[in-house]
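The sequence shown: position 167 = 167 (full-length UniProt numbering), numbered continuously.
Have a look at the structure below before the remarks.
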Amino acid sequence: MTAQETLQVRVVQKRTEAEGIASFELARVDGAALPPFSAGSHIDVHVPGGLVRQYSLCNASHESHRYRIAVLRDAASRGGSVAMHDSVHEGDVITISTPRNHFALHPAQRTLLLAGGIGVTPLLCMADRLARTGADFALHYCTRSVERTAFASEIAASAMGPHVHFHFDAGSPEQKLDLAAVLAAPGADKRLYVCGPAGFIDHVVTTAKAMGWAQDNIHLEYFGAPAQDTSGDQGFEVRIASTGKVYPIAADVSVVEALRKEGIDILTSCEQGVCGTCLTRVLEGEVDHRDMYLTDEEKAANEQFMPCCSRARSKLLVLDL
1 MTAQETLQVR
11 VVQKRTEAEG
21 IASFELARVD
31 GAALPPFSAG
41 SHIDVHVPGG
51 LVRQYSLCNA
61 SHESHRYRIA
71 VLRDAASRGG
81 SVAMHDSVHE
91 GDVITISTPR
101 NHFALHPAQR
111 TLLLAGGIGV
121 TPLLCMADRL
131 ARTGADFALH
141 YCTRSVERTA
151 FASEIAASAM
161 GPHVHFHFDA
171 GSPEQKLDLA
181 AVLAAPGADK
191 RLYVCGPAGF
201 IDHVVTTAKA
211 MGWAQDNIHL
221 EYFGAPAQDT
231 SGDQGFEVRI
241 ASTGKVYPIA
251 ADVSVVEALR
261 KEGIDILTSC
271 EQGVCGTCLT
281 RVLEGEVDHR
291 DMYLTDEEKA
301 ANEQFMPCCS
311 RARSKLLVLD
321 L
């Protein structure tokens, strides 16, 4: 992570929201208003142990006195969620970034929000915004069970409540998600937003495309990229267009890491190819795309890539830096 404005916040409340899920309410240490944000935004959280992780804001976007995030404890993750659960407590002061939004709402006649598990967090903020503006929308919230459904009672009691449908893997057949019915009748005036595990997102997007949804009307946010097979990775070179200088990229080093060692900082956040922060234009060469951010069409165009994770199929990439 580089060049992102940070601020100190206090954990004013930590609460168990469901099995394995804790929420953290954050307020500025100095009591001042927090920077504004829009529905779909996330922040970087500097987690104990030197980690930096991204969490979506799930409170109402008009609020300026607090940010709220929710974290699923995942022992198989890279350590951030466990540290948040075990090492961050009420009263602690932590460092966060100002909000960024790569998952913004777009105007639409009807909006569909599909959440898988903890992927509900950015969609809650969207649903609140849509409910407050009187928009036509529905949120389908899919979890394993009632016990693993964060914010259920809060949702039911809110203005978004009538628009929310709960679907449980462990529930009766009639309440399970009928994806074909939900995605029926696509149109240019409809938007679909999906967030959750990769398998959930891929299933929804594949189904939506098969039913005629246009790629431009489908918006998604992954929480993590799947592991890549790097056994065949080879070195290549990167040329910086503004200077003409050429830098070698070793087989076991990312473009971001290699350029950072040379004093060339590219703004990053997740460093997994999920958030889109490091998006960089490619002027020459063929990219080996490994991100979860660009669409298939954008990858095929070969005009931009994510240097935090993607590599080169050609011997040289020329970057617009």
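Note that CB positions come from ideal geometry on N, CA and C, so glycine has one too.
Note that the structure is predicted; figures quoted are calculated from it, not measured.
For F168, which beta-bridge partners are listed by DSSP? F168 is bridged by DSSP to T143.
Taking T133 as the reference, which of L114, G119, G116, Q109 has the closest Cα? Per the Cα distances, Q109.
Using 8 Å for Cβ pairs, my map puts T207 next to L179. What's the rounded Cβ distance? The beta-carbon separation of T207 and L179, rounded to 5 Å, stays under the 8 Å limit for a contact.
Just how far apart, CA to CA, sit T280 and Y222? The alpha-carbon separation between T280 and Y222 amounts to approximately 19 Å.
Pairwise C-alpha distance: L317 and G80: Counting only the Cα atoms, L317 lies some 33 Å from G80.
Check whether the Cβ atoms of A39 and C125 sit closer than 9 Å, and answer yes or no. Yes. Within cutoff.
Run the CB neighbour count on V29, radius 10 Å, all protein chains shown included, and call it buried at 16 or more, exposed below. With fewer than 16 other Cβ atoms within 10 Å, it is exposed.
Output the boundary residues of the alpha helix (DSSP H) element that contains D320. Careful: D320 lies outside any alpha helix (DSSP H) and carries neither H nor E.
Rounded separation between T6 and A75 - CA only: When rounded, the distance between both Cα atoms is 27 Å.
For A301, which of L72, C308, L283 has the nearest alpha-carbon? Looking at the Cα atoms, L283 is the closest of the given residues.
Suppose the cutoff is 8 Å on Cβ atoms and the five residues either side in sequence are ignored; what does the same chain contact list for R65 look like? One point to set straight first is that residue 65 is His, not Arg, in the sequence displayed. Annotation for H65: A27, A33, L34 place their beta carbon closer than 8 Å to its own, counting only its chain and skipping 5 residues before and after.
Measuring straight from C-alpha to C-alpha, what distance separates R15 and F137? Near 29 Å, if we compare the C-alpha coordinates of F137 and R15.
Within the continuous beta strand (DSSP E) that includes L72, where are the two ends? Its beta strand (DSSP E) spans residues 67-72.
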